[in-house]
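Here is the structure we will look at.
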Amino acid sequence: MIMMKKAITSSSIMIIVLVILLLPDSLFAEPRAQTIKFICGTQLEHNTTIYVPNFVATMENISAQIRTSGFGIAVTGSGPDTNYGLAQCYGDLSSVDCVFAMLKPELFCLSAIL
């Protein structure tokens, strides 16, 4: 009976030690600390002279909405020069961090198609 209690106690201690050793990896994880991948379309814009101001207006509109609600949707322009935008933030991001996170891939893709 005493040997059985020692075996159970030893197993319990071993499990606790393993959990404690594995815990820091999950506590210090930074899943959004780096960019994994940008995927941009390869189609050139219909008219870049119109597209760029439409893009800027869409991003400004979404940025203003994000600052107040954490979510933004905007449409600027018409026809083949229409620019659509949609963004939503995680609740743990500040509005400024959210706007930066939204604009980084957009600007990267914009430079790739112009």
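In the working numbering, the protein residues as written are 1070 to 1183.
All residues carry an ideal CB built from backbone N, CA and C; glycine is no exception.
Using C-beta distances below 6 Å, list every residue in its chain close to Thr1127, excluding the 5 sequence neighbours before and after it, in chain order.
Here Thr1127 has Ala1143, Thr1145, Asn1152, Gly1154 as same chain residues with Cβ atoms under 6 Å from its own Cβ, once five neighbours each way along the sequence are excluded.
Boundaries (first-last residue) of the beta strand (DSSP E) holding Tyr1120:
Not the beta strand (DSSP E): Tyr1120 falls in the alpha helix (DSSP H), residues 1117-1138.
Once you ignore the five residues that flank Phe1124 on each side, which residues in its own chain have a CB closer than 7 Å to its CB?
Annotation for Phe1124: Asn1152, Leu1179 place their beta carbon closer than 7 Å to its own, counting only its chain and skipping 5 residues before and after.
Between which two residues does the beta strand (DSSP E) containing Gly1198 stretch?
This structure cannot settle anything about residue 1198, because the visible part of the chain is limited to 1070 through 1183.
Our contact map puts Gln1157 next to Phe1140 with C-beta atoms below 8 Å; I'd like the distance itself, whole angstroms only.
Gln1157 to Phe1140, Cβ: 5 Å. Contact.
What is the DSSP secondary structure of Gly1160, reduced to helix, strand or coil?
It is coil, neither helix nor strand.
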